[in-house]
Each structure stands twice: as C-alpha cells, then as structure tokens.
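Trainee: Pasting in a structure now, in structure tokens, and then I'll have a few things to ask.
Number of protein chains: 2
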Amino acid sequence: MTLLREAIGERLRRTRTSQRRTLREVSRVARVSLGYLSEVERGRKEPSSELLGSICVALDLPLDELLRRVADDLGPVYLPEVPDTLAAELVAA
Amino acid sequence: MTLLREAIGERLRRTRTSQRRTLREVSRVARVSLGYLSEVERGRKEPSSELLGSICVALDLPLDELLRRVADDLGPVYLPEVPDTLAAELVAA
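Chains A and B are the protein sequences, given in the same order. Under the numbering used here, the letters of the first sequence match residues 1 to 93, in that order. Under the numbering used here, the letters of the second sequence match residues 101 to 193, in that order.
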C-alpha cells in the first residue's frame, strides 16, 4: 500500500521541479529548512499540516489541488486489501 | 487556512458515522486506540501515514477516494493566500 507521505512528497517534488525551482528557494519561501523539505519530498518525513500548508503556499498550490493530484497519482485501481480475518470480524460485528 | 489533519479527521468521522459504526469498533479493526482515533477525527492528532492507512482499511475507504472527498470538502474556492512580502520574494527570486 502506498503511504500518503510518499505520494505527497513525490507530488510536491514534481510540482517544484516543473516550476524549475530549487529546494533552496522553496524552503526559504516556505520557511522550512532545506534538509526538512528534501526529506518530505522523499517521503521520509511526515510533514505537519501546518508545514504542508506553508509548502503549498510557497508552491502556489492550493491544498485541494494537491490532494486531487495525489489521488490521481495513486490511481483508480488502488484499493486497500482487507485481510480475510478483518472482513470476517466486520461481518460478525 | 484549513489544516489537512482537520479536514481528514472530519471526513473520517463522517465516513464512520455514515456506516453507523462506533469509534470502538473501527478502532479495534484498525488496531489503534479508541482515544487516538477520536483525537484524529477531531483534528487534534496528526496521524502517521501508516495509521491513516489502517483506518482507511478499517473503513473500507480507498486512500485516493478519501483524498478526493477531502478535496471536495475543502471546496473549489480555497486558495492559499500568499503574503505580499512572499510574492515580492518570488518575483525577485
């Protein structure tokens, strides 16, 4: 299962590079450290909602648009797998 | 600006209640504590991507669908405000 922070990080990175901007510039505008932004883009750090908001502002990317793009990246074929044991629990509940 | 964790929490809560399920049942299936799930639903705790994935599985809600619904909740009128000072920095950069 793709993790949300990985999908968000990849989309942030693609948005930044499509704008031909550097990590340094975006991190400065977003007021986050360059190292932190780099870790977020690589899906290694879970950004807080506040910092994600700052990064979106720095990229001029509305949050709802980010989410739609990430949803598209995940693709329509994505479905979480419910283990049989859990499915049985749900039916029994 | 609406924070992502608040929008996600509200959408998780609406999904759960529309299924007429209790915090107790969903927290058990997702293997998170009831108190933690409650805090996530109220937007007070930032869920890790792993725990968010577990909650989505427990709600039978694909991650991409969650994101699209949250994007809809945020609404098309949402646009982050770029402070004038930052806009000037962007132009100068």
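Beta carbons: idealized from backbone N, C-alpha and C, even for Gly.
What residue does the alpha helix (DSSP H) around V157/B start on, and which one ends it?
Mentor: Translated into the one-based positions of the second sequence, residue 157/B becomes position 57. Unbroken alpha helix (DSSP H) run through V157/B: 149-158.
Trainee: If I'm right that V126/B touches L159/B with Cβ under 8 Å, what's the distance once you round it to whole angstroms?
Mentor: Position 26 of the second sequence holds residue 126/B. Position 59 of the second sequence holds residue 159/B. Going by Cβ atoms, the distance from V126/B to L159/B rounds to 7 Å, so yes, they are a contact pair.
Trainee: Is the CB of V32/A under 9 Å away from at least one CB in chain B?
Mentor: As a position in the first sequence, residue 32/A is number 32, starting the count at 1. Output row for V32/A: interface = no.
Trainee: Skipping 5 residues on each side, what residues in its chain have a beta carbon closer than 8 Å to that of D173/B?
Mentor: In the second sequence, counting from the first residue as 1, residue 173/B sits at position 73. Contacts found: A107, E110, R111.
Trainee: Could you check what DSSP says for V29/A in three-state terms: helix, strand or coil?
Mentor: The residue given as residue 29/A occupies position 29 in the first sequence. Looking at V29/A - three-state DSSP - the assignment turns out to be helix.
Trainee: R24/A: buried (16+ other C-beta within 10 angstroms of its C-beta) or exposed?
Mentor: Position 24 of the first sequence holds residue 24/A. R24/A should be labelled exposed.
Trainee: With DSSP run on the structure shown, which of helix, strand or coil describes E46/A?
Mentor: As a working note, residue 46/A is residue 46 in the first sequence. The answer is coil: DSSP assigns E46/A none of H, G, I, E or B.
Trainee: Give the straight-line distance between the Cα atoms of S54/A and L103/B, rounded to the nearest whole angstrom.
Mentor: For the purposes of this step, residue 54/A is taken as the residue at position 54 of the first sequence. For the purposes of this step, residue 103/B is taken as the residue at position 3 of the second sequence. Rounded to whole angstroms, S54/A to L103/B spans 11 Å at the Cα level.
Trainee: Return the chain-ordered list of same chain residues with a C-beta closer than 6 Å to the C-beta of S138/B, the five sequence neighbours on each side being excluded.
Mentor: On the second sequence, position 38 is the one that residue 138/B refers to. Within its own chain, the residues whose Cβ lies closer than 6 Å to the Cβ of S138/B, once the five positions on either side in sequence are excluded, are L123, listed in chain order.
Trainee: So which residues of chain E does E146/B contact, with C-beta pairs closer than 8 Å?
Mentor: The chain inventory of the structure shown lacks chain E, comprising the protein chains A and B.
Trainee: Indicate the three-state DSSP secondary structure (helix, strand or coil) for T117/B in the structure shown.
Mentor: For the purposes of this step, residue 117/B is taken as residue 17 along the second sequence, with counting starting at 1. Helix.
Trainee: Of all the options R68/A, L61/A, G75/A, which has the alpha carbon lying nearest to the alpha carbon of S18/A?
Mentor: Within the first sequence, numbered from 1, the residue matching residue 18/A stands at position 18. S18/A has its Cα closest to that of L61/A, out of R68/A, L61/A, G75/A.
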